[in-house]
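Here's the structure we're looking at; comments come further down.
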Amino acid sequence: MFNRSVPSFFGKPTSERPFCEDCECPMVLSRLEPDKPGSDLRTYACLMCAATESIIVAIS
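Reminder that position 28 of the sequence shown reads as 28 in UniProt numbering, one-by-one numbering, no gaps.
Here it is as structure tokens:
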């Protein structure tokens, strides 16, 4: 359906992952969906406290 690869943040250094604003633990990518043309909506989840954060990221 989509020709994009989904990045895996489990094996990446914590410096490349966002940190939870509630508990300061590294977050993991939990959802990736298309947004406007040329951008994705990425939702990150905290495995410790279940907080989520969504950001729009430009793709090439």
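C-beta atoms are modelled at their ideal positions from N, C-alpha and C, and glycine is treated no differently. Just so we're clear, the structure is a prediction, and the values are computed from it rather than from any experiment.
*With distances taken from CA atoms, which of V57, I56, A51 is nearest V28?*
Your numbering for residue 28 matches position 28 in the sequence shown. For V28, the nearest C-alpha among the options comes from A51.
_If you measure between the beta carbons of L41 and S30, is that distance less than 9 Å?_
Position 41 of the sequence shown, counted from the start, is the residue given in the question as residue 41. Position 30 of the sequence shown, counted from the start, is the residue given in the question as residue 30. Against a cut-off of 9 Å, the Cβ pair of S30 and L41 comes out as no contact.
*Taking the alpha carbon of P18 as the point to measure from, which residue in P37, A45, C49, L32 has its own alpha carbon closest?*
The residue labelled residue 18 in the question sits at position 18 within the sequence shown. Out of P37, A45, C49, L32, A45 has the C-alpha closest to the C-alpha of P18.
*According to DSSP, residues forming a beta bridge with A58*: Within the sequence shown, residue 58 is the residue found at index 58, counting from 1. Partner(s): S39.
_Assigned secondary structure, C20 (DSSP; H/G/I helix, E/B strand, else coil)_ = Residue 20 sits at position 20 when you count from the first residue of the sequence shown. Residue state, collapsed to three classes: coil.
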